[in-house]
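Here the structure comes first, spelled out in structure tokens, and everything after it is commentary.
There are 2 protein chains.
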Amino acid sequence: MNVDQITGANIADLARGAAILGTGGGGDPYIGQLMALEALQTRGPVKLVPPSDLPANAQVLPVAMMGAPTVMVEKLPSVDQFVVAVEALARYLDVEPTHVACMEAGGVNSTIPIVAAAEMGLPLIDGDFMGRAFPELQMVTATLFGIPTTPMSITDDKGNAGLFSTVSNLWAERLARVVTVEMGAASIISLYPMNGAQAAQAAVPGTLSLCVELGRAVRTARADLRDPVLAVGEVLGGRAIHAGKVTDVVRRTTSGFARGEARIAGIGAYEGAVLTLNFQNEHIIAKRGGTILATAPDLLVCLDIDTGEPVTTEGMRFGHRLAIVAAPCDDRWHTPEGIALVGPRYFGYDTDPVRWNEVDLGR
Amino acid sequence: MNVDQITGANIADLARGAAILGTGGGGDPYIGQLMALEALQTRGPVKLVPPSDLPANAQVLPVAMMGAPTVMVEKLPSVDQFVVAVEALARYLDVEPTHVACMEAGGVNSTIPIVAAAEMGLPLIDGDFMGRAFPELQMVTATLFGIPTTPMSITDDKGNAGLFSTVSNLWAERLARVVTVEMGAASIISLYPMNGAQAAQAAVPGTLSLCVELGRAVRTARADLRDPVLAVGEVLGGRAIHAGKVTDVVRRTTSGFARGEARIAGIGAYEGAVLTLNFQNEHIIAKRGGTILATAPDLLVCLDIDTGEPVTTEGMRFGHRLAIVAAPCDDRWHTPEGIALVGPRYFGYDTDPVRWNEVDLGR
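Note that the protein sequences, when read in sequence, are chains A and B.
Residue numbering for the first sequence follows the numbering used here, starting at 1 and increasing by one per position.
Residue numbering for the second sequence follows the numbering used here, starting at 1 and increasing by one per position.
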């Protein structure tokens, strides 16, 4: 399903879907929706362009928020800042941007580029460079294709701005991360400037359309009294691996990330079994008993068991009844280079990636 | 005394004098001397221009090292990096620099601009913007005259580079400091771009000449079998406030600074009295018994008691026999604005500034 524009009519579906692809991170989807809705109502719809339709010499400037989602909830970004970040990079590069892009189809990082595109009167690429959300800047398909993170811009709500040019994408993450922390654990960045040919090659195509489709699937399932969790699993090609009540969430905002662990005591078919989710902004690994059920780079999505609404890590509360859906990521993440970049070992877990469909779930 | 050029013949005196004005910070003067000597031998002498002789529209670009002196000793900066930092800022501003300048007449930050000037074939301002060394970027007379720290460039030895534009000079310090720490606790920066009129107004004039004079005073006093400590006191208009043996140095490199405390057990006239020096890169406060003898912004200089050679905080060793000289800073630091910027309270000491010549030294 290809959506050809983002409007006030599909932004709520998109924001809900983005929170699903956010896999726990990406901040409150409602905030992202409100920001985008305001821009769409003022500036009109934003045209979506499939990556394969980009002119080779298109000048693509992605924009994103960097930092801890726990902070984003308390410190709303200003719409002006999105444009400031993109324009700072454009001025430094001395280019006229032709398209805005998402680096991360997840949470507010799906909606911030919509706002920037609306404000700047530019089309937006229907795709991203993760196919989901990941916590660090270098964790994008662009890195796999040798596209540098920098030059990049970084801006804060106070009016401070920086530009970086680094020797590797990991160094861009390191320098931008400490600046983000000093800026108050949230910044707006424009990065990975690229041409249309590069974007067409590296992008995960169709992820904004997928967000709309996911959000709509939850909404219509609910309206038709079908199971919305099942609907999400179908759209993503995955399935529920657990259902339970949140009994414990440990969360700390350190080094500019929201890190922590959630314990979900099984209910129904999962009665008596406790699932543990470890996250760094996004959910990285799911364990039950001694068994790892699924890990990054595949998706681990927490949904409200009744409504199918996505639940972010900072939104998890004691007693919350959740379904956990595991689903496949973009195939390119399962190459050796992809696993080195976003596999569980990078996040500090001593395990090869585990795919939920290769484990005997025992139920 | 005005020196009109820096050559291979006066660089050793200048480096020694710069370490004296470094008041404990600024890194090993011998390293600074070697770097400058190499550049002067290859490129020829560097012309010194008094700030009052600058054309009003001169384009002045200062250059400096940022970070912990303890780290500079182990990780030598590359000469190329100085030019890279200045040129990155010039390119960003789209200006052709006409003069290089020192922000800090202290330690390697006196010699790094000499290297940059030699390599770029530009004259150097005979002056700086502290009249000594201070640990933070905003602690310059330029701040008192409303000259912004940014745009500034920041570079490391690996090839990473950044540019900042900030809402205040303190924000420049904050953002550049965390980047410096991430870069390995040392970076090369170019900052406070200004025109000739601004430099003439804000500079502390003649400080590079003063460095040469100080270094020469130590050398000739020694050659003439006079007391070199007395000679330094005379040139600076200060006097020795203590003499003793180092019994204890606590040093930690945190947040990109070398912080710590040295205890110096009195000898001779000071037998039985212990002086405590607290430092953040530079010496901030000197106490003996319950009495504060002197504080920033005035100068606290440690000299080898026999040779008059300046001793940096990282060079202090158990048993080292030192004389501590206190001397007046530039008058502008004793204004309310100056004290707010570099007085003892800013460094966390609950005291008004104490001037050594207002305290009964008791001997």
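Glycine is no exception: its CB is placed at the ideal position from the N, C-alpha and C atoms.
Closest residue to residue i among the options (Cα-Cα distance)
| i | options | result |
| --- | --- | --- |
| threonine 295 of chain B | B:Gln280, B:Lys75, B:Asn195 and B:Gly26 | B:Gln280 |
| valine 204 of chain A | A:Val140, A:Val63, A:Ala221 and A:Leu37 | A:Val140 |
| proline 434 of chain A | A:Val181, A:Leu275 and A:Ala12 | For residue 434 of chain A there is no data in the structure shown, the boundaries of chain A being 1 and 363. |
| alanine 223 of chain A | A:Leu208, A:Asp126 and A:Gly308 | A:Gly308 |
| glycine 206 of chain A | A:Gly127, A:Val108 and A:Leu144 | A:Gly127 |
| proline 77 of chain B | B:Ala327, B:Thr23 and B:Ile189 | B:Ile189 |
| glutamate 87 of chain A | A:Lys75, A:Ile114 and A:Met120 | A:Met120 |
| tyrosine 349 of chain A | A:Lys287, A:Arg174, A:Met194 and A:Thr155 | A:Lys287 |
| phenylalanine 145 of chain A | A:Val71, A:Asn195 and A:Ala327 | A:Asn195 |
| arginine 226 of chain B | B:Ala117, B:Asp306 and B:Ala199 | B:Asp306 |
| glutamate 358 of chain B | B:Lys75, B:Gly238 and B:Ile339 | B:Gly238 |
| serine 366 of chain A | A:Glu74, A:His283 and A:Pro148 | Past the edges of chain A, shown from 1 to 363, lies residue 366 of chain A, and the structure says nothing about it. |
| alanine 326 of chain A | A:Pro123, A:His334 and A:Thr23 | A:Thr23 |
| glutamate 154 of chain A | A:Met65, A:Ala101 and A:Ile114 | Looking at the sequence shown, residue 154 of chain A is not glutamate but isoleucine. Ranking the options by Cα distance to isoleucine 154 of chain A, first place goes to A:Met65. |
| proline 328 of chain B | B:Ala118, B:Met130 and B:Ser187 | B:Met130 |
| glutamate 213 of chain B | B:Val229, B:Leu230 and B:Val235 | B:Val235 |
| phenylalanine 257 of chain B | B:Glu271, B:Ile324 and B:Val178 | B:Val178 |
| phenylalanine 347 of chain B | B:Glu337, B:Gly290 and B:Ile285 | B:Ile285 |
| leucine 208 of chain A | A:Pro344, A:Pro123 and A:Val84 | A:Pro123 |
| leucine 14 of chain B | B:Val218, B:Asp298, B:Trp333 and B:Ser255 | B:Val218 |
For residue i, three-class secondary structure by DSSP
| i | result |
| --- | --- |
| isoleucine 31 of chain A | helix |
| arginine 332 of chain A | helix |
| threonine 70 of chain B | helix |
| aspartate 224 of chain A | coil |
| proline 205 of chain B | strand |
| arginine 177 of chain A | helix |
| alanine 364 of chain B | In this structure chain B extends from 1 to 363, so residue 364 of chain B is not present and cannot be described. |
| valine 372 of chain A | Residue coverage of chain A in this structure runs from 1 to 363, which leaves residue 372 of chain A outside it and unanswerable. |
| isoleucine 20 of chain A | helix |
| proline 113 of chain A | helix |
| leucine 137 of chain B | coil |
| valine 46 of chain A | strand |
| isoleucine 366 of chain A | Given a span of 1 to 363 for chain A in the structure shown, any question on residue 366 of chain A remains unanswerable. |
| leucine 76 of chain A | coil |
| arginine 216 of chain B | helix |
| leucine 210 of chain B | helix |
| valine 229 of chain A | helix |
| alanine 296 of chain A | coil |
| alanine 53 of chain B | Per the sequence shown, residue 53 of chain B should be read as aspartate rather than alanine. Three-state result, aspartate 53 of chain B: helix. |
| aspartate 350 of chain B | coil |
| glycine 25 of chain A | coil |
| glycine 131 of chain A | coil |
Strand pairing of residue i, partner residues [DSSP]
| i | result |
| --- | --- |
| isoleucine 188 of chain A | A:Met65 and A:Thr155 |
| glutamate 38 of chain B | Paired residues: none, contrary to the question. |
| phenylalanine 279 of chain A | A:Gly260 and A:His283 |
| glycine 343 of chain A | Answer is none; glycine 343 of chain A lacks a bridge partner. |
| valine 250 of chain B | B:Glu261 |
| asparagine 195 of chain A | A:Gln59 |
| glycine 266 of chain B | B:Gly244 |
| threonine 291 of chain B | B:Arg288 |
| proline 310 of chain B | B:Leu303 |
| leucine 124 of chain B | B:Leu48 and B:Val100 |
| isoleucine 6 of chain B | B:Val46 |
| valine 274 of chain A | A:Ala265 |
Limits of the unbroken alpha helix (DSSP H) element including residue i
| i | result |
| --- | --- |
| aspartate 80 of chain B | 79-93 |
| arginine 321 of chain B | No alpha helix (DSSP H) holds arginine 321 of chain B; the beta strand (DSSP E) holding it covers 321-327. |
| leucine 144 of chain B | 141-144 |
CB-CB length for residue i against residue j, believed under 8 Å
| i | j | result |
| --- | --- | --- |
| glutamate 104 of chain A | phenylalanine 134 of chain A | 7 Å |
| alanine 197 of chain A | alanine 56 of chain A | 4 Å |
| valine 246 of chain B | leucine 293 of chain B | Between leucine 293 of chain B and valine 246 of chain B the Cβ distance is about 17 Å, and since that is not below 8 Å, they are no contact. |
| alanine 68 of chain A | alanine 176 of chain A | Going by Cβ atoms, the distance from alanine 68 of chain A to alanine 176 of chain A rounds to 14 Å, so no, they are not a contact pair. |
| lysine 47 of chain B | aspartate 4 of chain B | 7 Å |
| alanine 200 of chain B | serine 52 of chain B | 6 Å |
Endpoints, the beta strand (DSSP E) within which residue i is located
| i | result |
| --- | --- |
| serine 165 of chain B | 161-165 |
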